[in-house]
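*Asks:* Per the numbering used here, the sequence shown starts with residue 204, numbered consecutively.
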Amino acid sequence: MPVEGIHRPAWAEVSRAAIVANASAIKAVIGATSLCAVVKADGYGHGATLAAAAALDGGADTLGVATIDEGVELRKAGFEAPILVLAEVAPTSIPLALTHGLTVTVGSMAGATALVACAKDLGGRHLVHVKVDTGMHRMGVAPDDLDAVIDTVASSQHLDVEGLFTHLSVADGASEEDRAFTTHQIRTFDELVGSLRERGAAPRVVHCANSAGTLGYPESHYSMVRVGLSLYGYLPDPWCGETLSSRGLALEPAMTIRARVVARRRLAAGERPSYGRARALERDATVVTVPLGYADGFPRALFEGGAQVLIGGRRRSLAGVVTMDQLIVDVGDDDVALGDEVVLLGRQGDEVITADEWAERDGTISWEILTRIGPRVPRVAVR
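1. Between the C-alpha atoms of PRO502 and TRP570, what's the straight-line distance to the nearest angstrom?
2. When you compare only the Cα positions, how much space is there between ASN225 and ARG475?
3. Here's a check: name, in chain order, each residue in its chain whose Cβ is nearer than 6 angstroms to the Cβ of THR252, leaving out the five neighbours to either side.
4. DSSP three-state call for ASP354: helix, strand or coil?
5. Note down, in chain order, each residue of its chain lying with its Cβ closer than 7 angstroms to the Cβ of VAL223, except the 5 sequence neighbours on either side.
6. In the structure shown, what three-state DSSP assignment does VAL408 receive?
7. Looking at the structure shown, is GLY416 part of a helix, part of a strand, or coil, going by DSSP?
8. Cutting at 8 angstroms between CB atoms, please list the residues of its own chain near ARG586, excluding the five before and the five after it.
9. What whole-angstrom Cβ distance do SER433 and ILE233 have, given they're in contact under 8 angstroms?
10. Please confirm whether SER426 and SER237 have their CB atoms less than 8 angstroms apart.
11. Which residue marks the beginning of the beta strand (DSSP E) containing GLU291, and which one marks its end?
12. Let's test the definition: count the other Cβ atoms within 10 Å of the Cβ of GLY479 and tell me whether it reaches 16, buried, or not, exposed.
13. How many whole angstroms separate the CB atoms of HIS332 and GLU283, which I take to be in contact at a CB cut-off of 8 angstroms?
14. Roughly how many whole angstroms lie between the Cα atoms of VAL555 and LEU454?
15. For ASP499, count neighbouring Cβ atoms within 10 angstroms of its own Cβ and tell me buried if that reaches 16, exposed if not.
16. Give a yes or no on whether the minimum CB-CB distance between ARG211 and chain D is below 8 angstroms.
17. Using beta-carbon positions only, say whether TYR420 and HIS249 come within less than 8 angstroms of one another.
18. Considering just the uninterrupted stretch of the beta strand (DSSP E) at SER359, what are its terminal residues?
19. Can you grab the Cα-Cα spacing for the pair ILE514 / ARG467, in whole Å?
20. At which residues does the alpha helix (DSSP H) containing HIS387 begin and terminate?
21. Determine the burial state of LEU362: buried for a count of at least 16 other Cβ atoms within 10 Å of its Cβ, exposed for fewer.
22. Any contact of the stretch 347-361 with the stretch 321-339, i.e. 3+ C-beta pairs under 8 angstroms?
23. Reducing DSSP to helix, strand and coil, say where THR270 ends up.
24. Between the stretch 370-378 and the stretch 404-418, are three or more C-beta pairs nearer than 8 angstroms?
25. In chain order, what residues of the same chain lie with their CB nearer than 6 angstroms to the CB of VAL430, ignoring the 5 residues before and after it?
26. Given THR316, which residues of its chain have a CB within under 8 angstroms of its CB, disregarding the five upstream and five downstream residues?
27. Judging by CA-CA distance, which residue of GLU544, VAL524, GLN529 and ARG519 is the nearest neighbour of GLY535?
28. Please report the residue range of the beta strand (DSSP E) in which CYS239 lies.
29. Tell me which residues share the same chain as GLY496 and place their Cβ nearer than 7 angstroms to its Cβ, disregarding the 5 neighbours each side in the sequence.
30. Quick one: residues in its chain with C-beta nearer than 7 angstroms to the C-beta of GLU291, no 5 flanking neighbours on either side, listed in chain order?
31. Pick helix, strand or coil for ARG278, following the three-state DSSP scheme.
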């Protein structure tokens with residue numbers, strides 16, 4: 204049955220129930236610790252408003268975004284939950300963030316000074332989290348400068364230093380070196396929190412853990428965790444699933460990408476479909492065209508990586524290089540008709556293709572696979 208309102212027969216189904224269940228599973232792991240559901244990058248490609256609503260229903264307390272625009276989008280959609288902008292805000296954009304009730308991040312003395320000045324002009328009282336760099340070296344206040352930055356922000360009657368956080372760089376790593384470095388980051392952060400507490404300057408909300416930290420390092424939970432990838436049903440690394448399985452829990456991928464066969468033809472052995480004529484058919488075969496390509500987020504490298512799709516509950520290999528808008532699939536001698544359903548990501552019958560499989564074949568990570576599903580692929584909420 205065609206999906207109503209979609210003129211191109213290719214779409215992504217996003218299971219609201221899966222996101223609710225995944226958030227609930229995370230809550231079962233962290234107990235009384237607060238959950239910040241990270242819905243940046245359009246909800247990791249699932250749709251920000253859909254993901255945010257489902258995560259909140261599953262027990263999330265706060266929403267996390269990367270940019271002010273993402274936060275404003277959620278506010279305009281009616282979300283009243285706290286929204287934390289995880290990156291430091293440019294001075295020119297601070298007024299927009301504060302007027303929309305976003306919790307801003309400070310990651311430098313320059314950022315602290317600009318925020319104090321802007322808050323004075325606007326008036327009111329606004330929530331702030333300070334980010335400290337414990338080893339990721341991407342953004343954040345140097346540990347030696349933390350006291351000065353917090354004191355600068357706290358000096359303003361218009362700012363409430365609610366939070367302090369850091370980010371773990373290799374919490375998903377299984378090697379001894381990665382585990383040792385993650386433990387080092389947590390201990391460094393713990394020492395900084397302890398020092399602030401000693402002088403009565405520790406913020407109320409302290410957070411350190413991403414998905415991997417949440418599942419693999421309970422000592423990193425503090426008062427809040429920030430979960431992105433696992434909210435959408437994927438583990439940062441297989442070993443991270445042990446915490447869930449020990450509780451009888453599992454994550455459920457929330458996205459399925461479907462399409463329909465739009466063309467078919469019988470070709471003789473030796474024919475070379477698609478651009479570049481990269482591979483000859485080993486036998487006479489039927490090939491079918493599927494209306495989704497690399498412009499939609501199906502990586503061109505998946506052809507060489509041996510990617511498959513599902514048709515009729517069976518895995519089918521690509522017959523040629525991925526093109527911008529279409530795939531060509533080898534279905535052998537099977538009777539595949541125009542309009543038959545194709546699953547590119549998700550389950551069909553007893554077979555399943557995951558973002559982890561795409562990532563392995565493409566030499567990348569599941570985060571990238573999910574977030575680059577293009578805007579031409581409509582997101583359809585399903586229950």
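C-beta atoms are modelled at their ideal positions from N, C-alpha and C, and glycine is treated no differently.
*Replies:* Looking at the coordinates:
1. Looking up residue 502 in the sequence shown gives position 299. Looking up residue 570 in the sequence shown gives position 367. Distance between the alpha carbons of PRO502 and TRP570 is about 14 angstroms.
2. Here the question's residue 225 lines up with position 22 in the sequence shown. Here the question's residue 475 lines up with position 272 in the sequence shown. Answer to the nearest angstrom: the Cα atoms are 44 angstroms apart.
3. Counting from one through the sequence shown, the residue named residue 252 turns up at place 49. Cβ within range, chain order: ALA280.
4. One-based indexing of the sequence shown puts residue 354 at position 151. Residue state, collapsed to three classes: helix.
5. For this step, residue 223 is matched to residue 20 along the sequence shown. These residues qualify, in order along the chain: ALA257, ASP260 and GLY261.
6. Along the sequence shown, one-based indexing puts residue 408 at 205. The three-state secondary structure of VAL408, taken from DSSP, is strand.
7. As a position in the sequence shown, residue 416 is number 213, starting the count at 1. In the structure shown, GLY416 sits in a helix (DSSP, three-state: H, G or I).
8. For this step, residue 586 is matched to residue 383 along the sequence shown. Within the same chain, ARG586 has close Cβ partners SER218, ARG219 and ALA220.
9. Indexing the sequence shown from 1 puts residue 433 at position 230. Indexing the sequence shown from 1 puts residue 233 at position 30. About 11 angstroms separates the two Cβ atoms, so there is no contact after all.
10. As a working mapping, residue 426 is identified with position 223 in the sequence shown. As a working mapping, residue 237 is identified with position 34 in the sequence shown. Contact: yes.
11. For the purposes of this step, residue 291 is taken as residue 88 along the sequence shown, with counting starting at 1. From DSSP, the beta strand (DSSP E) with GLU291 extends over 286-291.
12. What you label residue 479 is simply residue 276 of the sequence shown in a count that begins at 1. Per the 10 Å Cβ criterion, exposed.
13. In the sequence shown, counting from the first residue as 1, residue 332 sits at position 129. In the sequence shown, counting from the first residue as 1, residue 283 sits at position 80. In this structure HIS332 does not touch GLU283 by the C-beta definition: roughly 19 angstroms separates them, more than the 8 angstroms allowed.
14. Sequence index remark: in the sequence shown, residue 555 carries index 352 (1-based). Sequence index remark: in the sequence shown, residue 454 carries index 251 (1-based). For VAL555 and LEU454, the distance between alpha carbons rounds to 15 angstroms.
15. For the purposes of this step, residue 499 is identified with residue 296 of the sequence shown, where counting begins at 1. By the 10 Å Cβ count, ASP499 comes out buried.
16. Among the protein chains of the structure shown there is no chain D, as only one such chain exists.
17. Working through the sequence shown from its first residue, we reach residue 420 at position 217. Working through the sequence shown from its first residue, we reach residue 249 at position 46. Going by C-beta atoms, TYR420 is not nearer than 8 angstroms to HIS249.
18. Taking the sequence shown and counting its residues from 1, the one referred to as residue 359 is at position 156. For SER359, there is no enclosing beta strand (DSSP E), since its DSSP letter is neither H nor E.
19. For the purposes of this step, residue 514 is identified with residue 311 of the sequence shown, where counting begins at 1. For the purposes of this step, residue 467 is identified with residue 264 of the sequence shown, where counting begins at 1. Answer to the nearest angstrom: the Cα atoms are 13 angstroms apart.
20. To locate residue 387, count along the sequence shown from 1; it is residue 184. Membership of HIS387 in the alpha helix (DSSP H) is indicated by the continuous run 379-401.
21. Here residue 362 is taken as the residue at index 159 of the sequence shown, counted from 1. Buried: at least 16 other Cβ atoms inside 10 Å.
22. Between the stretch 347-361 and the stretch 321-339 there are three or more C-beta pairs closer than 8 angstroms, enough to call the two in contact.
23. Stepping through the sequence shown from its first residue, residue 270 is reached at position 67. In this structure, THR270 counts as coil in the three-state DSSP scheme.
24. Yes: the two stretches touch, three or more of their Cβ pairs being nearer than 8 angstroms.
25. What you label residue 430 is simply residue 227 of the sequence shown in a count that begins at 1. Cβ contact annotation for VAL430 (same chain, cutoff 6 angstroms, sequence separation greater than five): ILE229, SER414 and THR417, in chain order.
26. Working through the sequence shown from its first residue, we reach residue 316 at position 113. These residues qualify, in order along the chain: THR355.
27. As a working mapping, residue 535 is identified with position 332 in the sequence shown. Among GLU544, VAL524, GLN529 and ARG519, the Cα nearest to that of GLY535 belongs to ARG519.
28. Taking the first residue of the sequence shown as position 1, residue 239 is located at position 36. That run of the beta strand (DSSP E) goes 237-241.
29. Your numbering for residue 496 matches position 293 in the sequence shown. The beta carbon of GLY496 is closer than 7 angstroms to those of VAL525, THR526, MET527, ASP528, GLN529 and LEU530 in its chain, skipping five residues each way along the sequence.
30. Along the sequence shown, one-based indexing puts residue 291 at 88. Excluding residues within five positions, the ones whose Cβ falls inside 7 angstroms are THR308, VAL309, GLY310, SER311, GLY314 and MET342.
31. The residue labelled residue 278 in the question sits at position 75 within the sequence shown. Shown here, ARG278 sits in a helix according to DSSP, grouped into three states.
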